[in-house]
Each structure stands twice: as structure tokens, then as C-alpha cells.
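Report on the structure given below.
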Amino acid sequence: MMPGQIAKLGNSAAQFLLGGLAALRSLGNAAKDEPAAGEGRRQDNADLRDAVKQWRQVFEHNPVMYFMVDPAGTVLNVNPFGAAQLGYTAAELTGQSVLNVFFEEDRDFVRRCVGLCLETVDQSHTWEIRKIRKDGSVLWVRENAKAMLRGDGTPLVLVACENITQRKEAEDALRQSEAYLAQAQELSRTGSFGLSLATREAVWSRETFRIFQCDPEVRPTLDFVFQRIHPEDRDAVSKTLDRAFRDVEDFDHEYRLLMPDGSIKYLHSVARAVRHGSGYIEFVGAVTDVTTAKEAEQRLRRSEAYLTEAQRLSHTSSWAWDVRRQEFAYRSAELYRLFGFDPDQIDLSARAFQQRILAEDFGRIVDMERQAIQQKQPFEVDFRIMRPDGSVRHVHTEGHPVIGGDGDVMEIIGTHVDVTEQFAAKQALRKAFDELKQSEQRFRDYAETASDWFWETGPDHRITRISEHADTAGAVPTGVIGLARWDIPPDAELEPEKWERHRATLDAHLPFRDLVYRSKDRNGSPIYVRTSGKPLHDANGSFLGYRGVSSDVTAAIRAEQAEEALRKAQAELAHITRVTMLGELAASIAHEINQPLAAVISNADACIGWIDREPVELNAARRSVEWIVEDANRASEVIRRIRALAKKTEIEMAPLDMNQLVRETVALVRRELATHAVSVRMELASALPRVCGDRIQLQQVLINLVMNGIEAMHANVERPRELAIRSSQVSEHGEGRMLVTVTDRGVGLGNGATERIFTPFFTTKPSGLGMGLSICRSIIEAHAGRLSAFPNDGSGATFQIALPLPTENTS
Ligand code: ADP
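Last residue of the sequence shown? That's 811 in UniProt numbering, and every number before it is there in order.
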């Protein structure tokens with residue numbers, strides 16, 4: 001009972017005292033009522049004295065505090081125990097206001113209580129209140145008071161107090177511990193409950209009400225609980241409770257609540273079946289809201305799933321190695337997969353994993369681990385794994401030592417990354433690189449052994465770089481860096497057009513090839529340089545200059561020049577020979593021309609005759625004129641051919657009908673043949689393909705051979721003077737050739753003369769020059785053919801011209 005609350009409750013000790021006082025008063029009253037009773041009165045007085053004495057004893061020695069106060073609150077009397085309880089003597093309190101032993105703030109209450117007693121004389125009132133001891137400490141008392149009237153009719157208030165300080169303190173402590181518990185329940189989100197087995201009635205703590213969102217004023221029932229439980233979990237909860245009730249056994253379960261706002265709560269509930277002495281059985285338990293933990297767990301599970309997925313995608317597995325136990329403290333699912341295990345095989349020992357590492361790599365890992373533990377340093381190591389299917393995986397691992405409280409390495413945490421693909425790519429790259437290096441070396445070797453040098457020019461066409469090496473050092477011009485190409489060669493002025501063209505090419509940034517120019521080598525000797533280059537551009541297409549190669553082509557140019565000179569000399573000689581030959585043919589030619597001229601004259605005469613006739617024979621005259629035209633044409637044709645032969649012309653290659661050429665040639669030398677009584681037999685193959693050649697030169701060859709044949713048969717008396725000219729087509733090694741042979745029946749070739757006759761100035765004739773066959777051979781060779789001589793089986797010699805036929809027949 002708190003101060004300020006007054007009750008009319010009875011109290012044994014106070015009641016006793018108040019009862020005693022009431023008895024005393026009635027005794028006193030009896031003595032007063034019967035003053036003349038003599039002996040009886042004496043006896044009564046003696047009894048009264050005894051009773052007062054007894055009650056004084058009770059008053060003074062009863063371990064109850066007694067106060068007597070007047071209506072103003074002044075202490076009339078206090079028993080020694082009462083005074084002592086407050087740390088005073090009875091004398092110290094007597095005559096003082098009783099309010100002095102109360103707290104300031106309680107004094108009004110005290111006044112009201114005293115007032116109440118005075119209003120209700122003879123009625124007992126009780127209340128609990130604090131008092132202040134002399135030393136200032138607090139004394140909790142339960143006061144029992146009542147007002148009574150004294151003999152003179154004035155009221156007096158009797159108060160008996162019981163010390164309840166201990167009970168109050170215990171109550172406070174209980175209240176506090178209850179508050180602590182409530183606080184703890186709220187903080188731990190754990191509510192407590194009691195559930196009667198017999199009645200199924202429940203008692204809940206404040207937190208349990210809060211968890212279930214139930215009004216604390218409402219009596220909790222199992223029905224209400226089931227309303228709150230998530231529909232999907234009701235069956236399971238119901239089964240758990242049924243079993244617990246049936247078997248009277250503890251239970252521990254988890255379930256969800258579906259709250260009115262649609263949110264979900266996860267609860268974990270545990271309860272113990274408690275049997276009380278009376279046989280009453282109840283379940284006492286706790287229910288914890290584990291929603292936060294569940295959600296965290298779900299988040300953790302999700303993030304673990306993400307991590308697993310990330311590890312799978314990145315081929316990265318993580319692990320922790322317990323150094324003391326020599327066993328994994330943790331290994332991710334990906335580690336199992338990497339080693340070819342099923343992630344569900346959680347019982348696998350580290351040994352099983354180690355056995356899949358290639359033996360030659362395993363030792364290295366062990367060394368690395370030992371070193372990392374000693375030096376307490378992170379490490380990296382590569383090794384290989386052989387999976388049961390025989391496939392080998394390359395792994396890169398990184399480990400970090402974790403130092404324990406004792407300063408030693410207790411764990412190594414790390415990752416394995418499957419680098420098989422990267423390893424293969426690296427190998428391929430290395431191979432490609434090696435090949436590239438080899439090919440670079442190859443080209444370097446080519447470049448260094450070639451007689452070429454490389455150069456680079458900038459955007460302004462000035463030389464920025466020249467490579468050189470021992471072999472070309474002599475040829476490479478020095479001091480040309482910074483010069484343009486046209487500043488170097490001495491022929492820039494001699495051939496201005498060539499350089500203008502070259503500069504135009506460069507300005508257009510076009511590639512160029514085989515530009516040949518005269519220059520000077522390091523020693524100042526004139527050289528010919530041939531150079532080619534291509535323009536360079538950067539990634540944006542801007543022109544950077546040229547890069548190219550030059551070589552010293554002096555020797556080749558000189559050889560070309562010598563060849564050209566020889567060719568010219570030969571052509572000159574051939575011309576001279578031809579003219580000489582024509583001189584020899586002069587008689588024949590004269591005859592060739594004379595014949596048609598004579599025919600022209602006779603036909604002209606005949607024509608005049610036909611015109612002079614009367615009447616004029618115009619038809620006959622016309623025919624004569626036609627013959628004149630024909631013969632004149634023939635003569636002019638002969639002259640044309642002679643002039644062509646005598647003319648000094650450049651070689652002109654054209655497709656030729658060889659048979660036609662043979663016939664024309666024979667026509668040219670007909671007179672010569674006739675003069676020497678030589679008959680000609682032509683056996684010309686039909687449908688011969690055309691050959692590519694120079695008509696005049698080939699004719700010169702044929703004339704030469706025919707004339708030589710005529711001369712070789714000059715001495716023939718017995719043997720007929722017969723010349724055979726044949727043409728044919730043969731195929732050798734898949735290549736077609738045309739053969740033209742001139743066979744005579746003359747003196748033939750002497751021993752070993754088949755080759756000698758082709759050497760210049762070899763002749764057996766007194767007026768011979770010995771150049772004919774030599775020139776003929778070089779003409780045929782210039783046509784990529786071959787001129788050769790053979791002795792005949794019988795007599796005479798055969799000269800054969802073999803010319804290549806074009807691969808496609810163009811006849
Ligand atoms: P030349 O007729 O001025 O002597 P050639 O070079 O034409 O010059 O011939 C060289 C030599 O080859 C002749 O002097 C002759 O001895 C020999 N010769 C050429 N043609 C024949 C031939 N048909 N039969 C035999 N010997 C020949």
C-alpha cells in the first residue's frame with residue numbers, strides 16, 4: 001500500500017493493543033461508575049493497577065511502535081520500541097509534533113489520516129507510509145490508528161505501527177526486477193508465457209502481447225494465437241502442441257505469424273512442461289521474434305548464393321586452411337567443382353583434394369605453405385589438378401596467413417582460380433610470339449645479307465633514316481639524312497622529266513617501284529641505284545612519309561648496257577650481211593624485176609596492136625592492160641621486199657605464217673636456184689600455227705641457209721642438186737615447237753664442224769665472211785629458238801630452225 005492510501009484493515013498486534021486499551025478504559029469507567037462499593041472497589045482498584053501495569057509492560061516491550069497523539073498531532077506518549085525504531089528516545093519524541101518524523105510531502109496525508117480517525121472515533125484505519133529516522137534513513141510502516149475519547153471527553157489518537165521496510169524493499173526489488181525482465185524481454189524480443197494443461201488458459205508477459213499484437217487487457221487464448229499463425233504453419237503448430245499436451249513434454253518449434261498489416265513475423269518458441277507439487281501441470285515458455293535474424297539469414301543465404309554463382313562464373317573458389325589441424329576450415333562449393341567433386345560431399349578430407357594435385361606440383365605447394373607460415377607473408381603459387389576424367393586444370397592460388405592471439409599463423413585463407421583457359425591462351429600467344437620472333441629474325445637475316453638498304457623519309461620527303469650493314473656499307477651514300485632524294489643524284493639535271501614525274505608521285509603519296517637513278521657511292525664512284533617505296537600513314541590516315549628499299553644495280557645496269565651494245569652491233573652486222581647478201585642476189589633480183597618488166601613491155605606492145613586494129617579490139621586491149629598491171633605489181637612487190645631487206649629497221653615481232661614466209665623466200669632466190677640448176681622441194685605441213693617473229697630477220701635466216709645449200713652443191717656432178725625445205729610441228733615435254741629444215745645434198749659437214757660453223761668468221765670459202773651462220777643463230781636465239789646443223793645420212797647437211805609455239809594455238 002502506497003502512502004496516501006488508507007484502509008480499514010485489521011492488524012493483529014495493533015488490534016491487540018487497541019483492544020487492551022479499550023478494556024482498560026472500560027475498567028476505569030466501571031470504577032468511576034461504582035464509587036461506594038468499599039471492599040469491592042479496593043479490589044477493583046488493585047485489579048486496575050495490575051491491568052495498567054500489565055498493559056504498560058505490553059505497551060513498553062511489545063515490538064510494535066505505539067504512538068498516542070492529541071488532535072493537534074503532538075505526541076503524548078510513545079513506547080521505547082517505537083522511539084528506538086526511529087532512532088530517538090521516548091522523551092525526545094514526547095511533546096513534539098508527530099509530523100516531524102514524516103517526509104514533508106507526506107505530512108498532508110498524515111493530517112488527513114488523523115482527521116479521518118477523529119471524525120470516525122473508535123473506528124480503526126490502516127495505511128502504509130514512510131517515516132524518517134533520526135539518521136535520515138527511511139522506515140516503511142503500516143499504521144493502524146483509531147481515535148478514542150478520554151475520560152474528559154477529549155479525543156486521542158492511538159497509532160500502532162508495524163515495520164514493513166523489508167517487505168517494501170522486497171516489493172521494490174521485485175518490481176524492479178520485473179521492470180528489468182520486461183525491458184530484457186522487449187530488448188531480446190522474447191516474451192514469456194504460461195499455458196495450463198488442464199484449462200489451456202494462458203498467461204502472457206507484456207512482450208508476448210506485443211509480439212502477437214494483442215491488447216494487454218484481453219485475455220490471451222489459443223484461438224487467438226491460431227488466428228495469428230500463418231495459415232501454412234497452423235497444421236505444424238497444432239501437431240506440436242497436441243503432442244506436447246498428450247505426452248506432457250517440452251516443445252521447441254518455429255512458425256510464422258501473418259500480422260493484420262500483411263507482414264510476416266518469424267517466431268521461435270520453446271516451452272518446458274512444469275509439474276507443480278499440487279499436480280497442476282503447466283507449460284512455461286518463451287517466444288522470440290526472430291524475424292530480423294531470419295531475414296538476415298535469408299539475406300546471407302542469398303548473398304552466399306550470389307557469391308557461389310560469382311565464384312562459378314569467375315572460376316574462383318575460396319578456402320580457409322586450419323594450419324594446426326591440417327584440414328580445411330572452410331571451402332566454397334566452387335572448390336569442390338574445381339577438383340571434380342560434388343559440392344554435397346562435405347565429409348571429404350583434405351587428403352582427397354590433395355591427391356588430385358599432380359605429384360610434382362604438390363611438393364611445391366607444401367614448401368610454399370611452410371614458408372608462408374614461417375615468414376607470415378602472403379604467397380602465390382601455380383599448380384595443376386588431374387580430374388578423374390583425366391583432364392588437367394591449371395590453377396593459380398593466392399594465400400594470406402591469419403595470425404592468431406599467440407602470434408602464430410593459425411589459418412591461411414585464400415583463393416584458387418582456374419586459369420586453364422588463360423594458360424592455354426598464354427601458351428598459344430607465346431608460340432605465336434616465338435614464331436613471330438623467328439620470322440622477324442629470318443627477315444632480319446634476309447635484310448642483312450641482301451645488298452639492299454632500307455630508308456625512311458618524312459612528310460617533307462627528306463630522308464630520316466637509312467639502314468646499313470657490312471655488305472652494303474660501300475654502296476650506301478653517306479651524309480644524306482635530311483636531304484631529299486633529288487638533292488642526291490647527279491642526274492637530276494640530266495633527266496629533269498624523270499624527277500618531275502617522281503616528285504608528282506611522291507606529292508600524290510602514291511607507291512613507286514624500280515626508280516633507277518645515277519648516284520655516287522661512298523668513295524665517289526658513280527653507281528646506279530634502284531629504289532622502291534610505299535607511303536606511310538598513321539591510324540588517322542595522316543601522311544607520315546615513305547619507307548622503302550634501295551639497291552645498288554650498277555652491275556646489272558652495266559650488263560644491260562653491254563648487252564644493248566652487243567645487240568646493236570649484231571643488228572648492224574646483220575644489216576651489213578643482208579646488204580652483202582643482196583649484192584650477191586643482185587643478178588637474181590634484176591632477173592626477178594626484168595621478167596615482169598619484159599612481160600609489161602610485150603603486153604604493152606600487144607595492147608597497142610589491139611588498139612590499132614580496125615575496129616579496135618577493145619576487149620583484148622583491156623586484157624593486155626590487166627596483165628600489165630599484174631606484172632607491174634609483181635615487180636613492185638619484188639622491189640618492196642628487196643627494200644625491206646635492205647632497210648635497217650627495229651625488230652618487229654608479229655604472228656607469222658611460216659609456210660608463207662618460206663614461199664616468199666624461195667620466190668626471192670628463184671633466179672639463183674635456176675642459175676645453179678638447183679631444184680627445190682617444199683614439204684610444208686598444213687594448218688601450222690603462227691609463230692611470233694620478225695619477218696625480215698627470219699627471211700634473212702632462210703635466205704642464208706638456202707644460199708649456203710646452193711653453194712654446198714656447187715661441185716655436184718653425179719648427185720642431183722636438190723634442196724628440200726620442210727616445215728612441221730612437234731611436241732616435246734608438253735611444249736609445242738615448229739621445225740623448219742633446209743636439206744641439201746652438198747659437200748656436207750666435216751668432222752666436228754657441226755658447231756664450229758656457227759662461230760663468227762669461220763668460213764671455208766675463199767671469199768666468205770664466215771658471219772652468216774653466226775648471225776642466223778643469234779637471230780633464232782633472240783626468238784627463243786634454236787638453230788642447229790646435222791650431217792645427212794647419205795650426203796649433204798640439214799639445218800634446222802626450231803621455234804617455240806605459243807601455248808594457245810593462234811594460227
Ligand atoms: P660463209 O658462207 O661466208 O663461209 P657462213 O657462216 O654462212 O659463212 O658459213 C660458214 C661455213 O660453214 C662455210 O664456209 C662452210 O664451210 C660451212 N657451211 C655452211 N653451210 C654449209 C652447207 N650447207 N654444207 C656444208 N658446209 C656448209
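Every residue gets a Cβ at the ideal spot worked out from N, C-alpha and C, and that includes glycine.
All values derive from a computational prediction rather than experimental measurement.
> Taking 7 Å as the line, does the beta carbon of Ile696 fall inside it for any heavy atom of the ligand ADP?
Replying inline: Taking 7 Å as the cut-off, the C-beta of Ile696 does not count as close to any heavy atom of the ligand ADP.
>> Could you compute how far the alpha carbon of Ala685 sits from the alpha carbon of Val669?
In response: It is roughly 21 Å from the alpha-carbon of Ala685 to the alpha-carbon of Val669.
> Which runs of the alpha helix (DSSP H), 4 residues or longer, sit entirely within the UniProt domain "PAS" (51-121)?
Replying inline: With a minimum length of 4 residues, the continuous alpha helix (DSSP H) runs that stay inside the UniProt domain "PAS" (51-121) are 80-85, 90-93, 107-119.
> Can you list, in chain order, the residues of its chain whose CB lies under 7 Å from that of Ala470, leaving out five sequence neighbours each side?
Replying inline: A caution first: Ala470 carries a pLDDT of 48, below 50, which makes its placement in the model too unreliable to give a value.
> Under three-state DSSP, which class holds Gln800?
Replying inline: The answer is strand: DSSP assigns Gln800 an E or B state.
>> Restricting to runs no shorter than 3 residues, where is the beta strand (DSSP E) found entirely within the segment 682-764?
In response: You should have 691-693, 722-732, 735-743.
>> Rounded to the nearest angstrom, what separates Asn792 and Glu722 at their Cα positions?
In response: Their backbone Cα atoms lie some 13 Å apart in a straight line.
> Quick one, which of Met386, Val248, Ile642, Asp631 has its alpha-carbon nearest Met581's?
Replying inline: Looking from the CA of Met581, the closest CA among Met386, Val248, Ile642, Asp631 belongs to Ile642.
>> Per DSSP, what are the beta-bridge partners of Arg547 in this structure?
In response: DSSP lists Glu456, Lys534 as the bridge partner or partners of Arg547.
>> So, at 8 Å on beta carbons, what are the nonlocal neighbours of Pro73 in its own chain, with the 5 sequence-adjacent residues on each side left out?
In response: What sits at residue 73 in the sequence shown is Gly, not Pro. Excluding the 5 residues flanking it on each side, Gly73 has same chain C-beta neighbours closer than 8 Å at Ser97, Val98, Leu99, Val110, Arg111, Val114, in chain order.
> Sorted by chain position, which residues of the same chain lie with C-beta nearer than 8 Å to Glu683's C-beta, five sequence neighbours on each side aside?
Replying inline: Excluding positions up to five away in sequence, the list reads Ala724, Ile725, Arg726, Ser727.
>> Looking only at its chain, what residues have a beta carbon closer than 7 Å to the beta carbon of Thr89, apart from the 5 residues adjacent to it on each side?
In response: The residues are Ala83.
> In chain order, what residues of the same chain lie with their CB nearer than 7 Å to the CB of Ile527, ignoring the 5 residues before and after it?
Replying inline: The residues Ala475, Ser519, Lys520, Asp521, Asp552, Thr554, in chain order, have a CB closer than 7 Å to that of Ile527 in the same chain once the five nearest residues on each side in sequence are set aside.
> Excluding five sequence neighbours on each side, which residues of the same chain lie with their C-beta closer than 7 Å to the C-beta of Met653?
Replying inline: Here the set comprises Cys692, Gly693, Asp694.
>> For Val680, list the residues DSSP reports as bridge partners.
In response: In the DSSP output, where bridge partners are listed per residue, Val680 has Leu723.
> Name the DSSP bridge partner or partners of Lys146?
Replying inline: Per DSSP, Leu158.
> Looking at the structure shown, is Leu805 part of a helix, part of a strand, or coil, going by DSSP?
Replying inline: Coil, per DSSP.
> When DSSP builds the beta bridges, which residues end up paired with Glu282?
Replying inline: Residue pairing by DSSP places Glu282 opposite Ser196, Val274 in a beta bridge.
>> Following a CB-centred definition, is Thr764 positioned closer than 7 Å to any heavy atom of the ligand ADP?
In response: Checking the 7 Å criterion, the Cβ of Thr764 is within range of a heavy atom belonging to the ligand ADP.
> Is the closest heavy atom of the ligand ADP to the C-beta of Ile703 under 7 Å?
Replying inline: For Ile703, the shortest C-beta to heavy atom distance toward the ligand ADP is 7 Å or greater.
>> Given 7 Å as the limit, tell me if Met771 has its C-beta closer than that to any heavy atom belonging to the ligand PLP.
In response: Of the ligands one can find in the structure shown, namely the ligand ADP, none is the ligand PLP.
> If you count every other CB in all the chains shown that lies within 10 Å of the CB of residue 823, and 16 or more means buried, which is it?
Replying inline: Missing from the structure shown is residue 823; the chain here goes from 1 to 811 and no further.
> Count the other CB atoms within 10 Å of the CB of Ile601; is the residue buried (16 or more) or exposed (fewer)?
Replying inline: With fewer than 16 other beta carbons inside 10 angstroms of its own, Ile601 counts as exposed.
> For Tyr546, is the classification buried or exposed, using 16 other Cβ atoms within 10 angstroms of its Cβ as the cut-off for buried?
Replying inline: By the 10 Å Cβ count, Tyr546 comes out buried.
>> Tell me the residue span of the beta strand (DSSP E) that contains Ala202.
In response: From DSSP, the beta strand (DSSP E) with Ala202 extends over 202-204.
> Taking DSSP as the reference, what is the three-state secondary structure of Ala789?
Replying inline: Here Ala789 sits in strand by DSSP.
> To which residues of the same chain is Ala182 closer than 8 Å at the C-beta, ignoring the five residues directly before and after it?
Replying inline: Ser205, Arg206, Glu207, listed in sequence order.
>> Run through the DSSP bridge pairs and tell me what Lys131 is partnered with.
In response: Beta-bridge pairing links Lys131 to Leu139.
>> Do Arg513 and Ser532 have their beta-carbon atoms positioned less than 8 Å apart in this structure?
In response: Less than 8 Å divides the Cβ of Ser532 from the Cβ of Arg513.
>> Given 7 Å as the limit, tell me if residue 813 has its C-beta closer than that to any heavy atom belonging to the ligand ADP.
In response: With the chain represented from 1 up to 811, any question about residue 813 goes unanswered, as that position is not in the structure.
>> Considering Cα atoms alone, identify which of Glu304, Gln345, Asp406, Leu257 is closest to Arg324.
In response: The shortest Cα separation from Arg324 among Glu304, Gln345, Asp406, Leu257 belongs to Asp406.
> Taking the alpha-carbon positions, what's the Ser811 to Met658 distance?
Replying inline: Reliability of the predicted coordinates at Ser811 is poor, the pLDDT of 42 falling under 50, and the value obtained from them is presented with this limitation in mind. Approximately 10 Å between the Cα atoms of the pair.
> Looking only at DSSP bridge pairs, what is Pro220 linked to?
Replying inline: For Pro220, which the question treats as bridged, DSSP gives no partner whatsoever.
> DSSP three-state call for Gly399: helix, strand or coil?
Replying inline: The three-state reading of DSSP puts Gly399 in strand, counting E and B together.
> Nearest-angstrom Cα distance between Glu201 and Arg272?
Replying inline: Each residue's alpha carbon lies about 16 Å from the other.
>> Excluding the 5 residues flanking Ile463 on each side, which residues of the same chain have their C-beta closer than 8 Å to its C-beta?
In response: If we look at Ile463 and ignore the five residues flanking it on each side, its Cβ neighbours are Trp455, Glu456, Thr457, Val480, Ile481, Gly482, Leu483, Ala484, Arg485.
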